[in-house]
Every structure is written in structure tokens, then in C-alpha cells.
Amino acid sequence: MKLLNIALDGPAAAGKSTIAKLVAGELSMIYVDTGAMYRAITYKYLQQNKIEDFNQLIDTTELSLTYDEIKGQRVILDNQDVTDYLRENNVTSHVSYVASKEPVRTFAVKKQQELAAKKGIVMDGRDIGTVVLPNADLKVYMIASVEERALRRQKDNEQRGIESNLEQLKKEIADRDHYDMNREISPLMKADDAITVDTTGKSIETVTAEILSLVKSLD
Ligand code: C5P
Numbered sequence: 001m002k003l004l005n006i007a008l009d010g011p012a013a014a015g016k017s018t019i020a021k022l023v024a025g026e027l028s029m030i031y032v033d034t035g036a037m038y039r040a041i042t043y044k045y046l047q048q049n050k051i052e053d054f055n056q057l058i059d060t061t062e063l064s065l066t067y068d069e070i071k072g073q074r075v076i077l078d079n080q081d082v083t084d085y086l087r088e089n090n091v092t093s094h095v096s097y098v099a100s101k102e103p104v105r106t107f108a109v110k111k112q113q114e115l116a117a118k119k120g121i122v123m124d125g126r127d128i129g130t131v132v133l134p135n136a137d138l139k140v141y142m143i144a145s146v147e148e149r150a151l152r153r154q155k156d157n158e159q160r161g162i163e164s165n166l167e168q169l170k171k172e173i174a175d176r177d178h179y180d181m182n183r184e185i186s187p188l189m190k191a192d193d194a195i196t197v198d199t200t201g202k203s204i205e206t207v208t209a210e211i212l213s214l215v216k217s218l219d
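Note that my numbering has the sequence shown beginning at 1, numbered continuously upward.
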């Protein structure tokens with residue numbers, strides 16, 4: 001099969017990473033979670049007591065992604081594997097702010113484009129189809145109702161032993177979307193040539209099959 005790049009964008013908790021991982025597995029492609037890069041930079045910003053000099057923050061940052069057979073993508077920040085800290089609430093509540101900063105975006109987009117240069121990548125994020133990979137072979141814009149996204153996030157949390165309040169999750173998701181859609185640089189939006197996939201009420205298997213059939217239709 002011809003080597004492809006697939007861009008998967010959409011709002012928070014729409015199921016992008018779950019689906020992207022499965023699609024990448026089915027097609028023997030590499031899955032790249034770009035949100036994890038912004039989360040890692042946010043983690044460092046928090047470690048440095050929220051110093052607002054983002055040029056300095058980026059100039060002193062080394063960031064790379066590695067792949068573990070079992071654990072999947074790992075994020076290495078300044079020689080430390082920080083993957084396990086990236087879903088903490090404090091990171092989640094600051095990541096949209098940090099990701100709106102120009103030095104942060106320029107740095108992350110460059111790395112993402114380098115990763116995709118050899119093709120064979122399924123990349124999920126907010127600006128993949130619009131900015132990072134404008135020539136992707138397939139662009140999917142994945143959406144789901146806020147209600148359903150909050151319910152899924154709650155279930156996820158439950159499985160990890162974390163208690164969460166549904167109304168609070170809904171607010172957190174809606175606020176993050178609002179921030180991501182209204183920032184000045186590369187806001188979250190559907191690329192003109194992206195195909196919208198609404199995952200509301202659909203199983204993971206159904207959505208994965210839908211995307212695989214879109215990939216097949218490229219032949
Ligand atoms: O996908 P995830 O929820 O991990 O993304 C965390 C945050 O990172 C998003 O809410 C957004 O602010 C930022 N992000 C971004 N561009 C991307 C991926 C993520 O701005 N390509």
C-alpha cells in the first residue's frame with residue numbers, strides 16, 4: 001500500500017486518540033499524539049512556576065517522542081520520560097493557554113512536520129489538517145456532543161480510579177474547546193477538505209471501520 005499521512009482533528013475528548021491508535025495499528029502506521037507535546041511543554045511551564053517567557057522556555061526545551069511496544073508513544077522532555085504526568089488536571093487546565101503561544105506552536109509544528117516527513121503517520125490534534133499537514137492524504141474532523149464526550153471522559157477516569165463530576169467535566173471540555181477555537185494562531189477548525197465524522201452514539205469499532213473505509217476509498 002502507498003505510504004499515507006492521515007490527519008485527525010477535532011475538539012477535546014472526541015475519541016481522536018483512541019481511534020487514531022486503532023487505525024494506525026490496522027494499517028501498520030505510526031500514531032502521533034500531538035496534544036502530548038503541548039502537554040509536555042505545559043508540564044515544564046508549571047514546573048518553572050509559570051514564568052511567562054515562552055521564548056526562553058522553548059529555547060531550553062528538548063522534546064522527543066519514542067515508541068514502546070507495550071506502552072505506545074512516550075514523551076521525553078529534557079531527557080526525562082514525562083508521559084505519566086501529562087493527563088494530570090493541572091496540565092489539562094493550563095494546556096490551551098500554553099498552546100496558544102507563538103514560540104510553543106512554532107516549535108511543536110516543526111517537530112510534527114519532521115515526524116511526518118517520511119509518511120506512514122496517523123496524527124491527531126487541532127491544526128493537523130489546516131497547518132501541520134495541509135497535504136495529508138486523508139483529513140478527518142471528528143466530533144461528538146459535549147454530553148457524550150464528558151461521559152466518555154468520566155468512564156475513562158473511573159477506569160483509572162479517578163472520581164469526576166460530570167457537570168464539571170462538561171464545563172472543562174466546553175471551555176477548552178472555546179479557547180482552542182478562538183485563539184489567534186492556528187485555531188481549532190475543520191479544514192475545507194476534511195471529512196466530518198460524528199462519533200456521537202457510535203461504538204469505537206464502528207468509527208474505526210468508518211475511517212478505515214475512508215482510507216480504502218483513497219485507492
Ligand atoms: O488532544 P489533547 O486533549 O491532549 O490536547 C491538549 C491541548 O493541546 C488542546 O486542548 C489544545 O489546546 C492543544 N493542542 C493544540 N494543537 C494540537 C494538539 C493539541 O493546540 N495539534
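We treat Cβ as the ideally placed atom computed from N, Cα and C, and that holds for glycine.
- Counting every other CB atom within 10 Å of its CB across the protein chains shown gives SER203 a total below 16, marking it as exposed.
- Counting only unbroken stretches of 3 or more residues, the beta strand (DSSP E) elements lying wholly within the segment 5–37 are 5–9 and 30–33, in sequence order.
- Pairing ALA108 with GLY201, the inter-Cα distance amounts to about 33 angstroms.
- In the same chain as VAL82, and ignoring 5 residues on each side of it, the C-beta atoms closer than 7 angstroms to its own belong to ALA40, TYR43 and VAL75, in chain order.
- Residues ALA150, LEU151 and GLN154 of the same chain have their beta carbon placed closer than 8 angstroms to that of LEU166, with the five preceding and five following residues left out of the count.
- At a cut-off of 7 angstroms, the beta-carbon of ARG153 does not count as near the ligand C5P: no heavy atom of the ligand is closer than that.
- Contact annotation: ALA144 and ASP177 have beta-carbon atoms that are not nearer than 8 angstroms.
- The Cβ atoms of LYS139 and ALA7 sit closer than 8 angstroms to each other.
- Relative to the ligand C5P, the beta carbon of GLY125 is positioned inside 7 angstroms of a heavy atom.
- Distance from the CA atom of ARG105 to the CA atom of TYR85, rounded to whole angstroms, is 21 angstroms.
- Assignment of beta-bridge partners to ILE76 by DSSP yields SER64 and ASP81.
- Taken from the Cβ of THR34, at least one heavy atom of the ligand C5P lies inside 7 angstroms.
- Shown here for ALA13: same chain residues with a beta carbon closer than 7 angstroms to its own, the five before and five after excluded, namely ARG149, ARG152, ARG153 and ILE173 in chain order.
- No residue range can be given for ILE70, since it is assigned to no alpha helix (DSSP H) and is classified by DSSP as neither H nor E.
- The Cβ neighbour count for LYS101, taken over all protein chains shown within 10 Å, is at least 16; the residue is labelled buried.
- The continuous stretches of alpha helix (DSSP H) do not include ASP198, which lies in the beta strand (DSSP E) extending over residues 195–198.
- Using a Cβ distance threshold of 8 angstroms, ILE211 and GLY120 do not count as a contacting pair.
- Only residues of its own chain outside the window of five on either side were considered, and among them SER100 have a CB closer than 8 angstroms to the CB of GLU184, listed in chain order.
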